[in-house]
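> Residue numbers (our numbering): 12 to 253.
#1: Considering residue 14, what are the terminal residues of the alpha helix (DSSP H) in which it resides?
#2: What three-state label does DSSP hand residue 48 in the structure shown?
#3: So does the region 146-155 actually touch the region 189-208, counting three or more Cβ pairs closer than 8 Å?
#4: Between the Cα of residue 203 and the Cα atoms of 102, 42, 37 and 156, which residue gives the shortest distance?
#5: Apart from the five residues just before and just after residue 60, which ones in its own chain have a Cβ nearer than 8 Å to its Cβ?
#6: Three Cβ pairs or more, each shorter than 8 Å: is that satisfied between the region 64-73 and the region 42-56?
#7: What are the start and end residues of the beta strand (DSSP E) that includes residue 110?
#8: Residue range of the alpha helix (DSSP H) that residue 156 falls in?
#9: Measure the alpha-carbon distance for residue 20 versus residue 136 and round it to whole angstroms.
#10: Just to confirm, are residue 173 and residue 91 a CB contact at a threshold of 8 Å?
#11: Please report how far the alpha carbon of residue 237 lies from the alpha carbon of residue 199, in whole angstroms.
#12: Determine the direct distance from the alpha carbon of residue 15 to that of residue 170, and round the result to whole angstroms.
#13: Please name the residue, chosen from 80, 22, 103 and 17, that lies closest to residue 251 on a Cα-to-Cα basis.
#14: According to DSSP, which residues form a beta bridge with residue 56?
#15: Find out if the Cβ-Cβ distance for the pair residue 85, residue 239 is shorter than 8 Å.
#16: Compute the Euclidean distance between the alpha carbons of residue 29 and residue 54, then round it to the nearest angstrom.
#17: Please classify residue 174: does DSSP put it in a helix, a strand, or coil?
#18: Between the C-alpha atoms of residue 193 and residue 58, what's the straight-line distance to the nearest angstrom?
#19: Out of 67, 52 and 87, which one is the CA nearest neighbour of residue 79?
#20: Among the candidates 233, 118 and 13, whose CA atom is the shortest distance from the CA of residue 66?
#21: Does DSSP classify residue 190 as helix, strand or coil?
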């Protein structure tokens, strides 16, 4: 059988559930890696080379039960639609297309009801409007955080961008370009700030050595708590907007 980069296969777990596995080749990988793509609700088997995809397939087949268990524990997708409850800076908001004008805004309905995120417009394009609003706010919050952390570390970055990344919350290139997941705007503010501190520290240390973590702690002393939150709730952020 021929195995190709990007190919998807289905394996059956002992509980009778079928699990989908996508194969990827990454020359930087030092070994076979198996991870979950929460949004696609499938596993990803990463191989260092194309000829090792066959080994990755065998590895995934052996781990079918584990994959099935992990997929069953993923949170259900939350679509950006009328009445949906979403997180914004860690706070629960209810989506509505009602409101005046074109600008999205947050306002309380009453003290006994959740706050509303109003995105006026047609219901069938609500998802696009909500995503656009969240991306804009994420860029603004991250820009402020990066500026503060860079000043504290006496370093500068070349650019800041927000994307819809699947496997990383943030990244830093060797020439100082920082990139973040816009989904961080749904997390508590301290969590977003921790990721900003993490990537700013990479501007000085492109590793995860004790020196690196010392720089993270310098500008974000409570980083361990925020990292733990992200590990525990990251799948919820990835499930939003499906």
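By construction, the Cβ of each residue, glycine as well, lies at the ideal position given by its N, Cα and C atoms. Here the structure is a predicted model, which is why all the values come from computation and not from measurement.
Taking the geometry as given:
#1: Premise fails: residue 14 is in no alpha helix (DSSP H) and is neither H nor E.
#2: strand
#3: yes
#4: 156
#5: 36 and 38
#6: yes
#7: No beta strand (DSSP E) contains residue 110, which DSSP labels as neither H nor E.
#8: 137-164
#9: 33 Å
#10: no
#11: 9 Å
#12: 35 Å
#13: 103
#14: 34 and 45
#15: no
#16: 11 Å
#17: strand
#18: 28 Å
#19: 52
#20: 13
#21: strand
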